[in-house]
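Visitor: Residues in the sequence shown are numbered from 84 upward in steps of one, following the working numbering.
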Amino acid sequence: MKGKNGKIVLGLGIFFALMFLGTLVSKGIYATRLPQVTTGSPKRMSITHEVNAAGSVKPSKELAANMEAGLRVKEVFVSVGDEVEEGQLLFTLDTEYIEELIAQKELEAKKLELQIATLESNQKIAGLEKDREMERAGEDAITAFAEARKNLERAQEDEAIARYELDQYVEDTPEDDSEEAWKVWEEGRQACENKVRETARVTRDAQDALEAAYTQAYRNIEDSMTQQYSDATLGVDWMEFNHMKEEMEELRAYLQDDGEIYSGITGTVTQVGVAAGQITTELPVVTFADGSVPLQFEAILDPEQKKYVEPKAEGELSLGSYQAAGGRKIPVTVDYLTEIASMPGSYAAGILLPENTGSIGQNGTFVLSVSSEIYSCCVPLDALHQDENQRSFVYVLEETDTILGKELVARKRMVNVLEQNDRYAALEAGAIDENDKIIESATEEFSDGDVVRMKD
Numbered sequence: 084m085k086g087k088n089g090k091i092v093l094g095l096g097i098f099f100a101l102m103f104l105g106t107l108v109s110k111g112i113y114a115t116r117l118p119q120v121t122t123g124s125p126k127r128m129s130i131t132h133e134v135n136a137a138g139s140v141k142p143s144k145e146l147a148a149n150m151e152a153g154l155r156v157k158e159v160f161v162s163v164g165d166e167v168e169e170g171q172l173l174f175t176l177d178t179e180y181i182e183e184l185i186a187q188k189e190l191e192a193k194k195l196e197l198q199i200a201t202l203e204s205n206q207k208i209a210g211l212e213k214d215r216e217m218e219r220a221g222e223d224a225i226t227a228f229a230e231a232r233k234n235l236e237r238a239q240e241d242e243a244i245a246r247y248e249l250d251q252y253v254e255d256t257p258e259d260d261s262e263e264a265w266k267v268w269e270e271g272r273q274a275c276e277n278k279v280r281e282t283a284r285v286t287r288d289a290q291d292a293l294e295a296a297y298t299q300a301y302r303n304i305e306d307s308m309t310q311q312y313s314d315a316t317l318g319v320d321w322m323e324f325n326h327m328k329e330e331m332e333e334l335r336a337y338l339q340d341d342g343e344i345y346s347g348i349t350g351t352v353t354q355v356g357v358a359a360g361q362i363t364t365e366l367p368v369v370t371f372a373d374g375s376v377p378l379q380f381e382a383i384l385d386p387e388q389k390k391y392v393e394p395k396a397e398g399e400l401s402l403g404s405y406q407a408a409g410g411r412k413i414p415v416t417v418d419y420l421t422e423i424a425s426m427p428g429s430y431a432a433g434i435l436l437p438e439n440t441g442s443i444g445q446n447g448t449f450v451l452s453v454s455s456e457i458y459s460c461c462v463p464l465d466a467l468h469q470d471e472n473q474r475s476f477v478y479v480l481e482e483t484d485t486i487l488g489k490e491l492v493a494r495k496r497m498v499n500v501l502e503q504n505d506r507y508a509a510l511e512a513g514a515i516d517e518n519d520k521i522i523e524s525a526t527e528e529f530s531d532g533d534v535v536r537m538k539d
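1. Considering Cα atoms alone, identify which of Arg287, Ser162 and Val450 is closest to Arg411.
2. Reducing DSSP to helix, strand and coil, say where Gly360 ends up.
3. Buried or exposed: Glu242, going by 16 or more other Cβ atoms within 10 Å of its Cβ?
4. Opposite Phe449 in the DSSP bridges: which residues?
5. According to DSSP, simplified to helix, strand and coil, what is Ala408?
6. Please state whether the Cβ-Cβ distance between Ser139 and Gln445 is less than 8 Å.
7. Going by the beta-carbon positions, is the gap between Tyr478 and Arg494 smaller than 8 Å?
8. For Lys157, does the three-state DSSP call read helix, strand or coil?
9. Mind checking Ile434: buried by the 16 CB within 10 Å criterion, or exposed?
10. Out of curiosity, what's the CA-to-CA distance linking Ala186 and Gly342?
11. Evaluate the contact criterion for the stretch 365-373 versus the stretch 133-150: three or more CB pairs, one atom per stretch, below 8 Å.
12. Going by CA-CA distance only, name the one from Glu399, Leu400 and Ser429 that's closest to Lys389.
13. Measure the alpha-carbon distance for Ile304 versus Arg287 and round it to whole angstroms.
14. What three-state label does DSSP hand Phe529 in the structure shown?
15. Checking 8 Å against the spacing of the C-beta atoms, do Tyr180 and Arg219 come in under that value?
16. Which partner residues of Glu422 appear in the DSSP bridge assignment?
17. Taking the straight line between their C-alpha atoms, what separation do you get for Tyr252 and Val279?
18. Please report the distance separating the alpha-carbon of Thr448 from that of Glu387.
19. Going straight from the alpha carbon of Asp420 to that of Cys275, what length do you get?
20. Hey, quick one: how far does the beta strand (DSSP E) through Glu545 stretch, first residue to last?
21. Does Thr124 come out as helix, strand or coil in the three-state DSSP assignment?
22. Would you tell me roughly how many angstroms separate the C-alpha atoms of Thr122 and Ala431, rounded to the nearest one?
23. Could you tell me the distance, in whole angstroms, from the CA atom of Arg302 to the CA atom of Asn149?
24. Hey, out of Thr256, Glu517 and Asn472, whose CA is closest to Cys460's CA?
25. What's the call for Thr363, buried or exposed, on a 16-neighbour Cβ count within 10 Å?
26. Using three-state DSSP, classify Val392 as helix, strand or coil.
27. Measure from the alpha carbon of Asn277 to the alpha carbon of each residue in Asn499, Phe228 and Arg246, then state which is nearest.
28. Using three-state DSSP, classify Leu501 as helix, strand or coil.
29. Got a sec? Which residues, its chain only, sit under 8 Å from Tyr312 by beta carbon, not counting five neighbours each side?
30. Per the DSSP calculation, Phe228 is bridged to which residue(s)?
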């Protein structure tokens, strides 16, 4: 009997041992299936916003070299990016072509001289007083016509520049295929087209003004005579003859210099408007970055970055690649902000560079950091979540009693975000405090009330 009881006790012991072992195994398997989380406590800190804007080096001031239209270029000696000194040869004109132009104008001038001689002979009949009266009318006509002609040339130059800018803009299509990018680009193109239409209208008005000046000059000369119509023609002929002499003098000056055109300034070539064999137009033949003033860096700011950048803001600038710059950053100050017409809401931040710093077209990055006030409750951005109604919340780790003993449970806490950057969010005090354990990461998704365990 005693042996039988011993066997029963031994059997019960083995049974309970197996039950206990099974419980441990089951609980271990259960625990391994729970989401593993890491936690942290709210921090007292400020929220730092960093602006990281790309841009390039540009001239602070540009100057243009212009010359008469209608001359043929023989050879060009500069290209974009060249450093040019004052007095340096830029290009040469075709002297044979100039000689042909002079010969044509000399022939026309001789014809006018014959006409003028005939008209002057007739004019003497009217007397010296009438002669002086008509001469003054002719001089006034020359002055008025010359002014109207200058206005027309300026208007034609502005129209040509507007058309060139439109062509350049149309060629520079967005790299971004988004509808918004193309919408912005289309608005910019329409603005360029409006400018072309406006300058074309000004050109037409200037053309009309020139014709009106010619008509008025003709009438003034006509009014100054009492008998002979040929006297009015005399004033017009004098006007044309004097203008023709000025043109020939300018052409002969080019011949005396062997058609060589030199730079009048020191700077960097940013645009060459002529090529060998081409005829000059009203557009600048060469455009320079003025070498007497430092260059500037222009950074492009999107609407979000613009919130933290104001004139006189201080930051750092890296030119070229970080490796090429040797890790060197230049302390800089934002000198001005200009809204970009083709990109509403975006701004160009202009930064004047120290002397002998950077080169035109060189890329770089402008960095600026702005810190907020000190907040008492800040959490990592990974700990912040939003529900379907865009309300913000965090998960707080709480300990609770279950049939398996004490376990950790994730509890949702609704919060109000005061400010955030790409790493942290500042929360309104009250919903959580420094004693709460905020769940910052998890190995898998979980919901409010789910049991979790700390990550090993």
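Where is the CB? At the ideal position from N, CA and C, for every residue including glycine.
Guide: In terms of the structure at hand:
1. Per the Cα distances, Val450.
2. It is coil, neither helix nor strand.
3. Counting other Cβ atoms within 10 Å of its Cβ, Glu242 reaches 16 or more and is therefore classed as buried.
4. Ala136 and Leu400
5. The predicted position of Ala408 is uncertain, since its pLDDT is 47 and thus under 50; a value taken from the coordinates is nonetheless stated next. Coil.
6. yes
7. Contact: yes.
8. strand
9. buried
10. Rounded to whole angstroms, Ala186 to Gly342 spans 16 Å at the Cα level.
11. Enough Cβ pairs lie closer than 8 Å, so yes.
12. Among Glu399, Leu400 and Ser429, the Cα nearest to that of Lys389 belongs to Ser429.
13. 26 Å
14. coil
15. Cβ distance not < 8 Å, so Tyr180 and Arg219 don't count as in contact.
16. Tyr430
17. 12 Å
18. 17 Å
19. Note that residue 420 is Leu in the sequence shown, not Asp. When rounded, the separation of the alpha-carbon atoms in Leu420 and Cys275 is 22 Å.
20. Look at the range of the chain in this structure, 84 to 539, and you will see that residue 545 is not part of it.
21. The amino acid occupying residue 124 in the given sequence is Ser; Thr does not appear at that position. The answer is coil: DSSP assigns Ser124 none of H, G, I, E or B.
22. 42 Å
23. 35 Å
24. Glu517
25. buried
26. coil
27. Arg246
28. strand
29. With a pLDDT of 46 at Tyr312, under the threshold of 50, the predicted position of this residue should be treated as unreliable, and no value is reported.
30. DSSP lists no partner for Phe228.
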